[in-house]
Structures are given as C-alpha cells and as structure tokens.
Amino acid sequence: MTGFKLLLRRILPQLITLALVVGLISIMFPGFFEISLANGRLYGSPVDIFNRGAPVALLAIGMTLVIATGGIDLSVGAVMAICGAVAAWGITEGYGLLPTLLMALAAGLACGLWNGLLVAFLGIQPIVATLILMVAGRGIAQLITEGAILTFNHEGMIFFGSGSLLTVPTPIIIAILTGALVTLIVRRSALGMLIEAIGINFRASTLAGVNTRVLLVAVYMTSGLCAALAGIIAAADIRGADANNAGLWLELDAILAVVIGGTSLLGGRFSLIASLIGALIIQAVNTGILLSGFPPEFNLIIKAVIILIILVLQSPRVRTVLAFLSTARADAAGQEKKVVEP
Amino acid sequence: MISKKALVGAGVLASMLMMSSSVMAQTVGFSQIGSESGWRAAETTLTLQQAKERGIDLKFADAQQKQENQIKALRSFIAQGVDAILIAPVVATGWDSVLEEAKEAEIPVILLDRMVDSSKDLYLTAVGSDLVHEGSVAGQWLVDTLAGKDCNVVELQGTTGSSPAIDRKNGFEQAIKGHDNIKLIRSQTGDFTRTKGKEVMESFLKAEGGGKNICALYAHNDDMAVGAIQAIKEAGLKPGSDILVVSIDAVPDIFQAMAAGEANATVELTPNMAGPAFDALAAYMKDGTMPPKFIQTESKLYTQADDPQAVYEQKKDLGY
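So this is what it looks like as structure tokens:
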C-alpha cells in the first residue's frame, strides 16, 4: 500500500499534466471522448493517442534506462529506420514472419551492442557515440531498402501496425507489455538500483563490484531492442519501410518524454511509468493540435509553448514556490482554526 | 539529307541510334544532386536512358547533396571539354563563377528541375515543372468530377514553408475559386511522408464526424495519399468512392491504389526532365535555335481510366 502511495506521489505531476492537456483538448473538441468500434478495432481520438504514442513510448522505455545511467541514445530514430527496413526486406524476400521479426529484433540488438561497446569499452561520451549511428543509420537503412520505400502486403506483418487483439490495437499492447516486462525485470531484481548507481557514480559502482561495463552494454541493447519494436510497428503501420522518414526526430520526442517523466538527464533515479505517461502527454499534445484545426504554421509553436509550460511547472524552483504557498496557506488555515476554537 | 530524314523520324529508335552514332556523337556532363528521394533516382535512371537512346555519351556525377561536389564536377566537365552540361542544382545561390567559366568555354548549361539565382544569360535554358500548375490541374480535376455537387475537401500539405507545399496549395485554391460547391474545410501538414499522412488523416476523420463530412482528399504528394488511404480504410470507409483521393507526383504505388479503386487521380511530376533538355540541346546544336529560358514539362493527369496497372508496371523499375 505504501509502495503504491509512493508511486502515485512520484507520477502525480505527470498524471495531472496529462489530465490538463486532455481536458484542454476536450474543451476545444467536444467529441474527443467518443469511442466506437471500426473493423473490430477500438476507434476514437483517445485510442489514437495511445496508438500513435506507442512508438515514442517504446523508445522512451529504453531511453529511460540509458538516461538513468547518465547516458543518452540519439540513435533510436535511425535504429527504428534500420529495423523497419530489415523487417520489410525480410518479408518481401519471403523469409516468413517469425524469422523476419527475429532478424529485425537482432538488428536492433546489434545496433545497441555497437552503441554499448563504444560507450562502455571505448569510453566515448554517449552523446557522441550514439550520434555516429544516428547519422549513419539512415544510410544503412537506405542501403537495405535500396533508396525506395519498400512496401509489403503480408497480413501477419501488417498485424503489428494496424491489427488488434480483443479490439485493442496491437501497438498499444506491445508498448504496455514491453513497459510491464522491463519494469518487472529492473524493479523485481537489483538491476534497476544498479543502473541508478551507475548513473550516480560510475566509478564508485565499479569499485563496489558492480559489473558496470556489461550492464551498460545491456542497457544500450535494451534501448536498441525497444527501437526495433518501434521500427517494426512504424513499418507495419504504413505497410512499407521509409528509410528517410521512419522515426525521424523521434529520439528527441523520446528524450522529452523521459524529461517530462521527471527523470534527470544527469542520471540516477528513474521511473519508467512516468516516462510512459510523458510519451502520452507528448502524443496528446500532437493529436490535440491536429484536431484543433489550426493552420500548420502554428503546430510547432503551440507544441513548444505547452511543453515549456509543463517543464516550468515541473522545475524545482517553481515546485518549491508552489509547495511553500500551499504550506503557507495550510498554516494560515490551521491558525485561524486555533483562533476560532477557544 | 540522311540526317534530316532521321530527324523527321525521330520517334523511330533505330534511325535515332544510327543518326546519333554517325552525325552527332556528343558528350554531355550531368551533375545530379544525389539520390535523396525515389523521384530523384527515377530522374537519374531516365536521364541515362534518354542519353542512351540518343546515342549521347553521358558523364554522370553524383554530388551527394553537396554544392562543392557539383562545382567540382562542373569544373571537371569543362576541363574535359564536354559539348554540354546538365545540372540539377542542389541550392539556388553561388553558381555565378562556375557558370561564367562554362560560358567562357562556350559550353551550354541546362538546368534540370530546379532554378538558380544567377543571371539568365549564364545558362541556355531550364527544364522544370510548374508547381502551381500541378496544384491547379488537381483542383480542376475535382471541379470537373464533382460537376457542381457539394463537397467538403480536406488537404494534406507538404512540409510547412517548402515551395512545393506553398505552390501546390495556391494552385489548387486557384482552381476551386469561384466554385462555391467545393469547400476546403481542413488543411494540415503531413510532411510529405506516409506516416504523417496517415496520422493526420486519422485526426481529420475523427474531427469531421467519422469522415461523414469529408467528400474528397487533396494530398500534396502521393506518399501522404497512400498513408491517408490506409487511415480511411481503417475507419471503415471506402477510399476512392466514399472519399475521393487526388494527389500529385505519380509515383508507382499510387497507381496500384488507383488500380484497386482506392485513389482517383494523380498529377504527374515527370522525372523525364532530360528528354526536353536533350531536344532543346539538339535544336541549339543544329542551327543555333535559342530555346525559351524556361521549358515547362507537362503536368499530366492520370485517372483510374488510364489503365493504372500498366502505368505501374512501366514505372516500377525506374528506381522510384
């Protein structure tokens, strides 16, 4: 019970923000909460937020762990493009669904391994190490697709983008399952704490006997795996691998989701569920802008202003002031009561 | 005399090959931007093909999106003494000095697909498409198809602020102006990509009563239309009949959609810029005919009536 309360307290700011953003959209667009079934699949704007937010949510899971170690993974967008390209290539070459999926996931793991080795064993700063793959990755993806959008029409593969299980769109299920599984692994074992330890003090953790290098590589590989899942979803969604545009700039959205989720970019304590809510907040803002009908010139400005407000409200200074104000008011109320009582 | 006859029968491949090998064996340098899109790849393929058909020895240089590479390529073409230079300039500015060098060497330069901000006497001609015209061809198709019926149109714009997005929007709006039955009810950017086209279309459908208020979609490129078609299908509607789909570019995939009855029309941005360029060049070489400073390529409209499956087969190997 106390554990649940602690968790609630941790993610309360994110939940309130999400509620505010969704509230704002539903004021501007009254039909927002209408959900129906179309082709045996849940259909409606709230579903869109979850469904469209799934790739960023997946990236945010891996990104949270990487950021918790004090690193950053800029390559996830490009890794999405690579894995999407591998998936589309495998399916068009007729390798069958399972081998293709395994190949795409293996490509993600390999990308993560590359990043991890550069960071953990060569000691290259994470932002530089992952920048390499961010730049080169799209080239690799283009080599796989031979510069064109590689389309496929395999029902099994399309299922991962626009299919559904028990009326819930598949991307949502994949994101939730991945989030739950990773949370279970890092929180039911000491791994989460060790990851935080690396982020707080790499040397001290090494000296304390943590196998920091292997753990770092594993964390980057997790990030690669999450990006692979996101890449498969993105490719399946449009039934084709678009090496130029798949996952473009999503690494920044993923980092933003982690930041909104309250995990420090300096590393240390992290919360996966808060990052997932962060991803939902970003997508809610995106969907809200699309529904609002503003001219597209305003899209980025509106998004920037909303994000700015969210981050200002979450900043330590403002939170201290807010906390101070609320305690002051509570004190004042308490004193008034005392005066009245006798 | 022989050469004149051959010119008259220019459509016949054999005679052209004979003519070119015997009469006007030429060397032409071609500086391509790179291969950033499928369209660009198709342009390269077609330029090579056109040169081969005419027996022109084409020297190809890929600039990998860098102006310095293009300038280097142009200087090397000049040094080799080619007969003419084709260039698809990556940016508009900074060409003056190298174009002057070509002029001094008396090598005509033809711009493909994009323009430069240099004085007009520094190049022979420019071959390109009129983006505003493309938009108005699409708009005109909608006006003709509806024949006065009321219609709410949603628009998927290209990347905000890019010239194709601005011009294709203007052209479409010009075409539907004065037709009060057509209303543009929503317009949002889909960044020229399938993913964004699908996502934005999903929101259009929700915002407009599950798509019941939408009668037509106008997309600034085919890729966004392909994404939007999937969104329409997933919403339980029929693209092509419940919602008309018209877009621009004519990439192979839209012809597949048209063959399946899911898209209605597309306006071609032809990747064959080299054909008109070589024609102008041949006329100039023969008797010094100066071509106009801008040769506008045809913005051809394709509909479901144009045997989309056959066009798809034709286009799919061009490297799109």
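Same order as they appear, the protein sequences are chains C and L. Counted the way our numbering counts, the first sequence spans residues 270 to 611. Counted the way our numbering counts, the second sequence spans residues 74 to 393. Quick reminder that beta carbons are idealized off the backbone N, C-alpha and C, glycines included.
Taking the beta carbon of T262/L as reference, the chain C residues within 8 Å of it are P565, N568, listed in sequence order. A direct Cα-Cα distance of roughly 9 Å separates K285/L from L310/L. Residue pairing by DSSP places N225/L opposite K256/L in a beta bridge. For Q99/L, no beta strand (DSSP E) segment is defined, and its DSSP state is neither H nor E.
When Cβ-Cβ separations below 8 Å define contact, F298/C makes contact with chain L.
Between N254/L and L215/L, the C-beta spacing is not below 8 Å.
The Cβ of T266/L sits closer than 8 Å to at least one Cβ of chain C. CA-to-CA, the gap between D217/L and A375/C works out to about 52 Å.
Here P438/C is bridged, per DSSP, to S433/C. At a cut-off of 8 Å between beta carbons, I501/C makes no contact with chain L. Neighbours of D326/L across chain C, judged by C-beta separation under 9 Å: I418, T420, G509. For A354/C, the closest C-alpha among the options G340/C, V479/C, A499/C, A487/C is that of A499/C.
Here DSSP, grouped into helix, strand and coil, assigns Y196/L to coil. Between S108/L and T118/L a beta carbon distance of about 10 Å is seen, past the 8 Å cut, so the two are scored as non-contacting. For T376/L, the uninterrupted beta strand (DSSP E) segment begins and ends at 374-376. Listed in chain order, the alpha helix (DSSP H) elements of length 4 or more contained wholly in the region 265-353 of chain L are 267-280, 295-307, 325-332. Given a length threshold of 3 residues, each whole run of the beta strand (DSSP E) inside the region 123-207 of chain L is given here in chain order: 130-135, 157-160, 182-185, 198-201. Separation of S474/C and R321/C (C-alpha to C-alpha, rounded to the nearest whole angstrom) is 38 Å. Chain L places no beta carbon closer than 8 Å to that of G531/C, leaving this residue out of the contacts. About 16 Å separates the beta carbon of S192/L from that of L147/L, a gap too long to meet the 8 Å contact definition. In the displayed model, L534/C falls within coil according to three-state DSSP, outside both helix and strand.
When DSSP states are grouped into helix, strand and coil, R456/C belongs to the helix group. When the five nearest sequence neighbours on each side are left out, the beta carbons in the same chain lying within less than 8 Å of the beta carbon of L366/C are those of I360, H423, G425, M426, in order along the chain. Distances from the alpha-carbon of G377/C to those of A356/C, T338/C, I393/C, P395/C put A356/C closest. At a beta-carbon threshold of 7 Å, the residues of chain C lying near Y393/L are A417, ordered along the chain.
Taking 8 Å as the cut-off, the beta carbon of T232/L is found closer than this to the beta carbon of F265/L. S474/C has no beta-bridge partner at all, per DSSP.
The three-state reading of DSSP puts S295/C in helix, counting H, G and I together.
When C-alpha distances from I239/L are compared across L277/C, L281/C, P565/C, the shortest belongs to P565/C. For V273/L, a Cβ of chain C is located within less than 8 Å of the residue's own Cβ. Around the beta-carbon of K256/L, fewer than 16 other beta-carbon atoms lie within 10 Å, marking it exposed. Going by C-alpha positions, R508/C is about 28 Å away from N225/L. For the region 311-335 of chain L, residues whose beta-carbon sits nearer than 8 Å to a beta-carbon of chain C comprise D326.
Within chain C, not a single residue places a beta-carbon under 8 Å from that of S149/L; the smallest gap is close to 25 Å. By the 16-neighbour rule on beta-carbons within 10 angstroms, K271/L is buried. Counting along the chain, the unbroken beta strand (DSSP E) around Q369/L starts and ends at 367-369.
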